[in-house]
């Protein structure tokens, strides 16, 4: 079996047209037909229904497509591993990181890790927490750094850090030393509350907020970096993990508001792994040392 047969098959399955497949792969249409026929002979099954210019996967074709993609994935990972070795790397692994965790000091932590481990190659994907578990299960990545816990028995889930959640508002121009403390009720009653920017704590927190402030106006904003920008522009306030706003608090562009009537949750981060390989475990332990 030749790998270009698999590439042709996967492309044809996506395009449902041999002519378009030939254009994408820069080969002739007869070559596409030859590849598919050779692959069908190899696997012993008809992979496509032909209907004029259109093609559709047979049941056998749909089943084999999964295996074809896996074969290509393993082949490509092998090439990448050999390339890394030739470039001086002795090991490599891939990480899926949620946007929220990526917005903390993690880039600085990664830099420190790589400076201590120059022979390790790390590939990073930014994926929403809700999708990280699937990426680890399907071995698209070796480690997932997620805001969501996992109870899947196939995965190892290790707590990474616990983060204090605070109420954040924009700088109001007042002198922080002489001005009275910001009032929780005044801040919430006079602003939209920007919600749902963290996948772990908002459902329970919203119930508490509504019980104390039933008339609170709210706006859903799914990304923390957008939430912070909206707050700075005066569009609202929000409850955010302190690790995501530490710089802004130090710079004075955002202010913390003390909360007395609402008990605030913690925001948690977790490391998800399918296999506890030595290098991956060492990385998780290294990251866990830092205060986010």
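In this note's numbering, the protein residues as written are 1 to 292. For each residue, glycine too, the CB sits at the ideal point set by N, CA and C.
With distance defined between alpha-carbon atoms, name the residue in the options nearest to residue i.
| i | options | result |
| --- | --- | --- |
| residue 141 | 25, 74, 28, 100 | 74 |
| residue 49 | 137, 42, 36 | 36 |
| residue 59 | 186, 212, 218, 45 | 45 |
| residue 5 | 280, 147, 25, 211 | 25 |
| residue 34 | 51, 12, 54 | 12 |
| residue 284 | 2, 144, 131, 72 | 144 |
| residue 169 | 248, 105, 210 | 248 |
| residue 206 | 232, 238, 234, 187 | 238 |
| residue 18 | 119, 3, 39, 54 | 54 |
| residue 186 | 212, 62, 93 | 212 |
| residue 27 | 227, 204, 7 | 7 |
| residue 289 | 246, 106, 119 | 106 |
| residue 3 | 23, 67, 14 | 67 |
| residue 246 | 291, 214, 14, 204 | 291 |
| residue 232 | 250, 240, 254 | 254 |
| residue 234 | 173, 108, 261, 117 | 173 |
| residue 282 | 117, 52, 256 | 117 |
Locate the beta strand (DSSP E) running through residue i, then write down its first and last residues.
| i | result |
| --- | --- |
| residue 183 | Unbroken run through residue 183: none, as it is neither H nor E. |
| residue 124 | 120-126 |
| residue 256 | 254-257 |
| residue 266 | 266-273 |
| residue 105 | Counting along the chain, residue 105 falls outside any beta strand (DSSP E), and DSSP gives it neither H nor E. |
| residue 250 | Premise fails: residue 250 lies in the alpha helix (DSSP H), 242-251, not in any beta strand (DSSP E). |
| residue 156 | 156-170 |
| residue 143 | 143-146 |
| residue 94 | 91-97 |
| residue 51 | 48-51 |
| residue 195 | 193-195 |
Who are the Cβ neighbours of residue i in its own chain at under 7 Å, not counting the five residues just before and after it?
| i | result |
| --- | --- |
| residue 69 | 10 |
| residue 266 | 162, 163, 164, 165 |
| residue 230 | 194, 221, 236 |
| residue 103 | 224, 225, 244 |
| residue 43 | 64 |
| residue 124 | 95, 97 |
| residue 252 | 171 |
| residue 242 | 163, 164, 166 |
| residue 200 | 147, 148, 267, 268 |
| residue 93 | 122, 142, 143, 279, 280 |
| residue 16 | 54, 55, 56 |
| residue 135 | 96, 127, 141, 144 |
| residue 132 | 96, 98, 144, 146, 272 |
Assuming residue i contacts residue j (C-beta within less than 8 Å), just tell me the rounded distance between them.
| i | j | result |
| --- | --- | --- |
| residue 122 | residue 96 | The pair is not a contact, with the Cβ atoms about 12 Å apart (cut-off 8 Å). |
| residue 57 | residue 71 | Contact flag wrong, Cβ pair sits at about 17 Å. |
| residue 263 | residue 208 | 7 Å |
| residue 120 | residue 91 | 5 Å |
| residue 216 | residue 188 | 6 Å |
How is the alpha helix (DSSP H) around residue i delimited, first residue to last?
| i | result |
| --- | --- |
| residue 29 | 29-43 |
| residue 4 | 3-15 |
| residue 291 | Careful: residue 291 lies outside any alpha helix (DSSP H) and carries neither H nor E. |
| residue 277 | Run containing residue 277: none; DSSP gives neither H nor E here. |
| residue 225 | 224-232 |
| residue 20 | 18-25 |
| residue 203 | 202-212 |
| residue 57 | Residue 57 -> not in any alpha helix (DSSP H); beta strand (DSSP E) instead, spanning 54-57. |
| residue 131 | 129-137 |
Just to confirm my understanding: we take residue i, look at its own chain, exclude 5 residues before and 5 after, and list those with CB closer than 8 Å. What are they?
| i | result |
| --- | --- |
| residue 196 | 202, 220, 221, 222 |
| residue 137 | 152, 154, 155, 274 |
| residue 20 | none |
| residue 99 | 126, 128, 223, 224, 225 |
| residue 214 | none |
| residue 130 | 148, 199 |
Suppose the cutoff is 6 Å on Cβ atoms and the five residues either side in sequence are ignored; what does the same chain contact list for residue i look like?
| i | result |
| --- | --- |
| residue 113 | 286 |
| residue 259 | 167, 184 |
| residue 181 | none |
| residue 88 | A caution first: residue 88 carries a pLDDT of 49, below 50, which makes its placement in the model unreliable, though a value can still be read off. Counting only Cβ-Cβ distances below 6 Å, and skipping sequence neighbours, we find nothing. |
| residue 39 | 5, 9 |
| residue 218 | 193, 195 |
| residue 32 | 8, 18, 21, 22 |
| residue 240 | 168 |
| residue 261 | 212 |
| residue 101 | 145, 269 |
Let me check you understand the geometry: is the CB of residue i closer than 7 Å to at least one non-hydrogen atom of the ligand ADP?
| i | result |
| --- | --- |
| residue 238 | As presented, the structure is devoid of all ligands, the ligand ADP included, so that no description of it is given. |
Problem set entry | the stretch 189-196 in contact with the stretch 273-286 per 3-pair CB rule at 8 Å | no
Exercise. Does the stretch 144-161 come close enough to the stretch 251-271 to have 3 or more Cβ pairs within less than 8 Å?
Worked result: yes
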